[in-house]
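Chemist:
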Amino acid sequence: MTTLEILHADLDDPRHQAAIVELLDSYSRDPFGEGRPLAPEARERLIPGLKAHGGAVVLLAYERGQPVGLALCLLGFSSFRGRPLLNIHDLAVRPEARGRGVGRQLLEALEVEARRLGCCKLTLEVRADNTRAMELYRKVGFEPGEPPTWFWTRKLD
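So for the sequence shown, this note's numbering puts the first residue at 61; every next one is plus one.
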């Protein structure tokens with residue numbers, strides 16, 4: 061594992077804003093993302109949208125002063141448990157930093173943060189063909205729900 065600095069992103073800090081957009085763009089370009097760069101309007105709306113949402117938890121991982129990883133999460137609520145939950149919406153690691161424990165350390169830091177927030181669980185969705193991500197998630201204690209659940213989408217634009 062590599063030595064990282066993991067910190068809570070300050071959505072008002074221009075350096076953190078740039079790192080978030082840059083890392084999400086890198087993830088978007090990946091075949092397991094969208095396979096193309098973030099659209100200019102998405103880049104423009106990302107930070108204001110996260111601020112307006114009010115339930116964003118964003119962690120950044122830095123290695124030697126450079127941003128190498130991002131965990132972008134949104135607080136939700138479990139109606140069956142009557143407590144908040146933390147959904148890991150995007151977990152992104154720069155391709156050149158993969159395999160060095162960045163994702164694992166971000167996930168471990170998210171668990172600490174979720175417990176601090178009183179969350180009853182961490183949730184995420186993963187593509188069925190992203191076996192590398194599933195391997196990592198299993199290693200840190202994630203598993204498919206019972207019965208398995210599906211994430212469905214209806215695009216509105």
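Backbone N, C-alpha and C define an ideal beta-carbon position, used for all residues, glycine too.
Since the structure is predicted, the reported quantities are computational estimates derived from the model, not experimental observations.
Could one say the Cβ of residue 75 lies closer than 8 Å to chain C's Cβ atoms, at least one of them?
Modeler: Of the protein chains in the structure, only one exists, and it is not chain C.
Chemist: Taking the CB atoms as reference points, tell me whether residue 118 and residue 69 lie closer together than 8 Å.
Modeler: yes
Chemist: Going by DSSP in three states, residue 143 sits in which element: helix, strand or coil?
Modeler: strand
Chemist: Three or more C-beta pairs closer than 8 Å, one from the region 181-194 and one from the region 143-150: is that the case here?
Modeler: yes
Chemist: If you draw a straight line from the alpha carbon of residue 204 to that of residue 102, how long is it in whole angstroms?
Modeler: 30 Å
Chemist: Let me know if residue 163 comes out buried or exposed under the rule of 16 or more other beta-carbons within 10 Å of its beta-carbon.
Modeler: buried
Chemist: Would you decide whether residue 153 is buried or exposed? Buried here means 16 or more other CB atoms lie within 10 Å of its CB.
Modeler: buried
Chemist: Within 10 angstroms of its Cβ, does residue 165 collect 16 or more other Cβ (buried), or is it exposed?
Modeler: The C-beta of residue 165 has 16 or more other C-beta atoms within 10 Å across all chains shown, which makes the residue buried.
Chemist: Inspect the beta-carbon positions of residue 64 and residue 85 and report whether they are closer than 8 Å.
Modeler: No. Outside cutoff.
Chemist: When DSSP labels each residue in this structure, what does residue 106 get in the three-state scheme?
Modeler: helix
Chemist: Check the DSSP bridge columns for residue 66 and list the partner residues they point to.
Modeler: Residue pairing from DSSP places residue 66 in a beta bridge opposite 121.
Chemist: Skipping 5 residues on each side, what residues in its chain have a beta carbon closer than 6 Å to that of residue 193?
Modeler: Excluding residues within five positions, the ones whose Cβ falls inside 6 Å are 186.
Chemist: Just checking, does the region 76-93 make contact with the region 128-141 on the three C-beta pairs under 8 Å criterion?
Modeler: Yes, the region 76-93 touches the region 128-141.
Chemist: Could you check what DSSP says for residue 193 in three-state terms: helix, strand or coil?
Modeler: helix
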